[in-house]
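Written out below as structure tokens is the structure these notes cover.
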Amino acid sequence: GKKLVQRVHEKVKNLFAETIVIANKPDALTFLDIPVFPDLIANLGPLGGIYTALKHSFFPQCLVIACDLPFVPKELIRSLCDDAGGYDILSIDFGRGVEPLCAVYHQDCIKMIENQIESRNYKVSDLFDHVTVKIKRVPKGQFASSYDFFNINTPEDVKKAEMIMKEDEDRR
């Protein structure tokens, strides 16, 4: 089966002129044939990954999508990018709260992230308090699958995601 990062990469690769991956172990992802960077500053969690992506991106806006959200629909990703103009961050809320790792971030966030790092505040949610943000609410049932926003956090979730991916492949 495919790795989660492959699934996300395949979903976004034709949508953007540039695709990069931020990972703790870049050498383990050379099979992707795209640039993979380690965090510029280790141990900052998701804020460090967002910061690294923005610093490495050649474009003013950067879609950040976590590999533990492998089923986010391509249509939603496209919609996020289409609606991101005029905001420092455009994120989604699909009924469980804001998902900062499925969002478009503008380069203008870099300075605020650096300020947070200086003050040892690594909460992405605090970044949202200091920049221009739009939250795109995604109503239940807007997309075809009940698992579009399935988030992988535990070994049990990994097993469930693998079953979902296998079912998807079997349907094709």
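Going by my numbering, the first residue of the sequence shown is number 1383, and it counts up by one from there.
Quick reminder that beta carbons are idealized off the backbone N, C-alpha and C, glycines included.
Asked	Found
Length of the line joining the Cα atoms of I1404 and G1468	25 angstroms
Extent of the continuous beta strand (DSSP E) to which I1471 belongs	1471-1475
Among I1423, V1515, L1386, nearest to R1502 - alpha-carbon criterion	I1423
Span of the beta strand (DSSP E) around H1488	1480-1488
C-alpha gap between K1541 and D1450, whole angstroms	12 angstroms
Reduced DSSP secondary structure (H/G/I, E/B, other) of F1453	coil
Residues of its chain near A1466, where Cβ-Cβ distance is below 6 angstroms and the 5 sequence neighbours each way are ignored	Q1443, L1472, V1486
Buried or exposed (CB count within 10 angstroms, at least 16 for buried), T1434	buried
E1496 burial status per 10 Å Cβ neighbour count (16 or more: buried)	exposed
Proximity of C1484 and D1470 at Cβ, strictly below 8 angstroms	no
Beta-carbon gap between F1419 and H1391 smaller than 8 angstroms	no
Best match in Q1388, K1407, A1410, D1409 for proximity to T1401 [C-alpha to C-alpha]	Q1388
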